[in-house]
Every structure is written in structure tokens, then in C-alpha cells.
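Heads up: the structure comes next, in C-alpha cells.
In this note's numbering, the protein residues as written are 76 to 776.
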């Protein structure tokens, strides 16, 4: 079946995936290799390791996608190599290829760029050679320059363009909508020639000498071009500034409106209570901005009342894409919307969240990690705006699949406003399933706070969700790897494999009673009120079933915790009103709380109000969701494997996390990070003294 004429090019080494080694390619050996791979599979890590032993350092994946590139990066992690795909799923075809060529050039690989530009001609670099028999007019160019004098009409000197005021350093430019730029098109050879060419042709026909060689005229043309460029730059600066001012004005109007709506209506003395607010009127056309009340209507009410009559049929569906209900509806206002309604193309929405306006989620005096990410939730709104509900027809529901989150700054405190610039790059289908790629940038006062990249979400039927296999871990994922510890690392508090903490101990830890949870070594600390775990709605961990200071894939620590799920849990009933499912960002926070417990037990303890648990800036945390927590789920388990511990100067940890729903792995987080801002290495030395005191007491007994 696989026997075909085979000619192997000279000077090329071929590796057999089935054999995991170099082999001589012939008609028979190629067929044997294909058959062996199909029947028995292959060991990809073995293949890559063998190629590396043979001196291969450059690995090019022809695509589509980058799965092999990612696997090679993990197999050869820490060793010099280059692995890159020619067709990344998150870049356009042309962009992916250009990135690959650029990387090859940087690695000093000979690259012929000529095919990118077509066949060069003296007339137009991007035009192909004219075919024989073409009716195009051929004109010989070149020769000695003409020496002529030409006097045009006397003109007044041009008024110099006004100098634009420089932008202040704090000014934030509003990005222009992302519009595809058409490829350059060669001008036609005859009809449709530019006016300048027609004038030149007329001059030739009349016998008038051509004038393009006059240096005076060329200098004038150059000066005119420069002036036009300066004027255009001034226009762009003014347009950016005007756009920014309009957005800030709209934001101010929304804030004032919210304040007026929230203020008590006392009315004149003697009058009865104010009349009820009139029902929301359906807009005649889709709006360009929305206040919080409209966002809540989109979340739990009628989409037509928010976006107009063209969306009315969607209200008849059993489900539709929505924002979460309270308390997880975190879009305080939508400042601008770009994208054609119902078009199923790309689009953009700019939103804001007022930190601490509803303080239920605050932790360590700031917005927690999960809420900072979840507040960029208006990709849901944008998907509805672009028309996804007309295609899902209420039969398929939204689920997040992938995201890469990177924080750039400290978590903001109450009173700050986070602005989210969210874009849907494109929709696509796999079979009957609709999916889309999206991303966002979050800023505070113009400073980058976080980026969300490589976002992917889809719309799935109940049957598809129930048939999902969850997180599938490969042999590579399970291979042991050494963790990273600082030089001279010693543990602060002695830990034993197999330790566990029940519901009462975790409740004591949440109250700040470290000794009641962890034991007597924490009894003599001078810290009055240690920062531990959040309470209230953010109580996300109920017990710890296992702690191992030498466990996990990386051998430097592992913790496993649990929480019970009830059908009426707030994070289910509000997310969403017609499709109750635990948000992936909250699952992220559950794993962060479990990591907190491990770090506290390890001895990284600080005073409440003086420290803060925050992500490590610049660390890309990759979230992968392949299952769900719904009302029928009974228990979730969080498993954290410590990957790196250190001081920078504040203590920090980088871990991998896996979350289970009733024993099924549903969420994986790679490179989840945490730092203890406000705590330094010397601040945690007290546990060493406490350990000595405990040892002395035990010896005295």
C-alpha cells in the first residue's frame, strides 16, 4: 500500500519516527517506516533526543499549528535549540512565514527572499515578466539626461504648516480599528494611467521637451512631499488626541450618570415615593456605548432591549451568549464598539471596571488575580454583537478553551479603573462547532496591567460537553524534571509528606490561627495578624488532603486540596443565568488559594496589611480548560506541583496546577505564579528561630 517510487535527495539525513533514528530512505524502507508508525506509534521524545545527539539544533515545523514546536521546546528545555512553526494558529499565514524566515536569518541560515517579491523588473519590482505576445507597449528608458529650463507660473510661497503641540508623556493614544491592508496592486499599463503620466504622454506627443529632469522642480516636489507628510502627521496626532478626549468624556458621562442613578431620590417635602423607572426602551439601532445598567440587561434580560430590534429573534433561544449576572458582572461601562453587527467577522470593544466599587472580592487591599482577568469578560458581549447566536440557535453554549495571561504591574487598589481593550480576531468552524480567537490588554492610568493572548473559546452542545475527555496528559507532560531552588536553599519550617488539614483547620487558618492549622512551630511567631486566605464569597478551598515537600513532577513540593460543590453556589447561579457553569478564572483562583496554603506552611508568612499576594510580572501563565464544573458536580480537587521557588527580592513561586471535577481532570494551568509583595528574604527568617525553639522544647520533654 505504501510502496511508491522513491528518490532520496543527496546530502539529507532522514529520521524514521518509528525507529527513532537515522535511516536510509528507499522504496521499501520508507514503506516499512510508515507501516510501523501506523501500527505501533512512535516515541517522539526519543526521536527528538536522537536528532539532538546527531547535532540537530534547528527544528522547523511545516504546520498547520505549532504542536510539535511546543513539544520540542519542552523536550529540549534548557538546551540551545530553535523550534518554530511555519504556520502558527494564532498568526496569519503570511505573518507566520515571515516570522519563520526572520528567525532563520537571525540564526545565520541562508535564506532566499526573492520568491517573496516576484520577478524583479526595472519598471516595477512586484510585477511579473510580461508574457510573450503581450499587447503592452514597450518603452526603452535611460540615456543621457535632458538639460532644459522651464518656467512655470509665479506662485506665492507656501504657508508653512502649523507646528503641532507635542503630546504629553501621559497621553494615551487610542488604537485605530484593525483594518486589513490590501496588498499592493501594480498599475495598469494603458487605461487608467495616473494623471501625471497622461500629462507626460501629451508633452511627448506635442514635441515639448520632458521636464522631469529639472533639479529645481524635483526640489520643489520634495519640499511639497515633506510638507504634506508633516501635515499628515499633525492630523494623526490631533485625531488621536480627539479620539482619546471623546472616550474620556464618554467615560465621565457614564460615571456621572451612575452616581445620579445611585443617589437617593428624596424629592420635595410632603411628596410620596418617586415613581418607578420606566421600562428600558428598545434602541432603534445598535448603540456605540453602554452603561452598567445596559450591561446588566444584556446579562440577565433582553438582548434586543440593549442592541436593538435586529437582535430580537435571539431572545427566543433557550440560551444565548451573555455576561455573568451579579455579583460577577464586572463590566461597569462599554466605551466603544467596533465591528459590523451580525457580521461574524472581527471586532473590538473597550470596557472599564471600577476596582472596589463592589468590594466583596477585595483581597490584601486590592483586586485579586482572578477578578482582574475576569473583568475582561466582554468578549462575550462582542461575540453576541457579531452575531454568534444566530448560528448556535440556543443549542450550543460558550466555553473558554485556552488563554495565556501575563501581568505587568501590581494589582490595583480600590478607586482605580481598569480599561480593557478586547478584540475578537476571527470566528472559525471545526465541523459544526463554532469557535473564535480573542485577546485583550488591560491598563490602569495608561500603564499596562495585564495581557491576555492566544485566547480561544467555542460553543458546544450538551452532548459534546458530556463526551469531552478532559485534560489529556502525554508522556512528556508526566516526565520528571528537576525543580529550581536558590543556591543554598533550606526549608524554613519542617514539613512531612502526607500531612493534611481538615475543614476545621482550614477555617482556623482563614481566621489567622496558624498554629491551630499547622502545629506548634507557628505558635510563637511575633506576627499579630498574618495574611492568610480570603473569606466570604471567596472561600474556595475547604480542606487539604495531601502535602509532600519533595513530591510532584519537579520533586520540590506538591499540595492537593478539595472543595465541595453545591447546586446553589453563587459562582454557578450567576455564571450564567441560562447556563450555570463555574468560570475558568475562578478555577484559577482556587489553585492560587491552594498555593497560598503551601507557601504559608512552608513559612512564608507576613503581616496583614503589609504584604500582598500577586502574580510575578512577565511570567506567562497558560490556562487550558477541557471540562466543566456544573450543578451536578460534587467535588473539585486542586493539585499544585511546585516548579520554582526563589527570592527576587520578595519570595516567589512558579507552579503547574491541575484541577479535577469528580476525579476528571478539567483545567490545567502551566507556569502559574505568585509573589509576596512587601515581604523580603530576611523577613521570613523568624521560622528558623521558631524551629530551633520547638526542637529545644521537644528535647526537654
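Backbone N, C-alpha and C define an ideal beta-carbon position, used for all residues, glycine too. None of the values given here were measured: they were computed from a predicted structure.
In the DSSP annotation of this structure, the continuous segment of the alpha helix (DSSP H) that includes residue 648 starts and ends at 645-648. Under the three-state reduction of DSSP output, residue 393 falls in the coil class, being neither helix nor strand. In this structure, residue 514 sits near residue 500, with a CB-CB distance shorter than 8 Å. Relative to the Cα of residue 577, the nearest Cα in the group 617, 744, 387, 569 belongs to 617. Secondary structure note for residue 621: it is in no alpha helix (DSSP H), and the uninterrupted beta strand (DSSP E) holding it is 618-623. Looking at the DSSP output, residue 509 sits in a beta bridge with 504, 534. Residue 576 sits in a strand when the DSSP states are folded into three classes. Here residue 747 carries a strand assignment [DSSP, helix/strand/coil]. An exposed status is given to residue 77, since fewer than 16 other beta-carbon atoms sit within 10 Å of its beta-carbon. In this model, residue 358 and residue 417 are separated by some 16 Å (Cα to Cα). Counting only unbroken stretches of 3 or more residues, the beta strand (DSSP E) elements lying wholly within the region 95-182 are 96-98, 133-136, 157-160, in sequence order. If you look at residue 607, you'll find it isn't in any beta strand (DSSP E); DSSP assigns it neither H nor E.
If you look at residue 482, you'll find it in the beta strand (DSSP E) that goes 472-482.
Closest in C-alpha terms to residue 471, from the list 153, 395, 148, 730, comes 395. Beta-bridge annotation (DSSP): residue 698 is paired with 478, 744. Closest option to residue 694, judged by alpha-carbon separation, among 401, 746, 742, 672: 746. The three-state reading of DSSP puts residue 570 in coil, since its state is none of H, G, I, E or B. Put simply, the backbone Cα of residue 684 is about 11 Å away from that of residue 607. Here residue 516 is bridged, per DSSP, to 496, 526.
8 Å or more divides the Cβ of residue 712 from the Cβ of residue 628. Beta-bridge partners assigned by DSSP to residue 726: 722. Here the alpha carbons of residue 721 and residue 638 stand approximately 29 Å from one another. Per DSSP, the beta-bridge partners of residue 734 are 713, 742. The shortest C-alpha to C-alpha distance from residue 409 to any of 432, 677, 373 is the one to 373. Distance check between residue 431 and each of 114, 406, 546 places 406 closest, using alpha-carbon atoms only. In the DSSP assignment, residue 90 falls within the unbroken beta strand (DSSP E) covering 89-91. Distance from the Cα of residue 495 is smallest, within the candidate group 462, 412, 508, 538, for 412. Linking residue 663 to residue 445 through their CA atoms gives a straight-line distance of about 7 Å.
With respect to residue 508, residue 535 sits close: the two C-beta atoms are nearer than 8 Å.
When C-alpha distances from residue 680 are compared across 644, 368, 759, the shortest belongs to 759.
A Cβ-Cβ contact shorter than 8 Å links residue 370 with residue 404. Annotation: residue 446 is outside any beta strand (DSSP E); the continuous alpha helix (DSSP H) that includes it extends over 444-449.
When the five nearest sequence neighbours on each side are left out, the beta carbons in the same chain lying within less than 8 Å of the beta carbon of residue 98 are those of 89, 90, 91, 104, 108, in order along the chain. Here residue 79 is exposed: its Cβ has fewer than 16 other Cβ atoms, across all protein chains shown, within 10 Å.
DSSP, reduced to helix, strand and coil, places residue 364 outside both helices and strands of the structure shown, so it counts as coil.
DSSP places residue 589 inside the alpha helix (DSSP H), whose first and last residues are 589-593.
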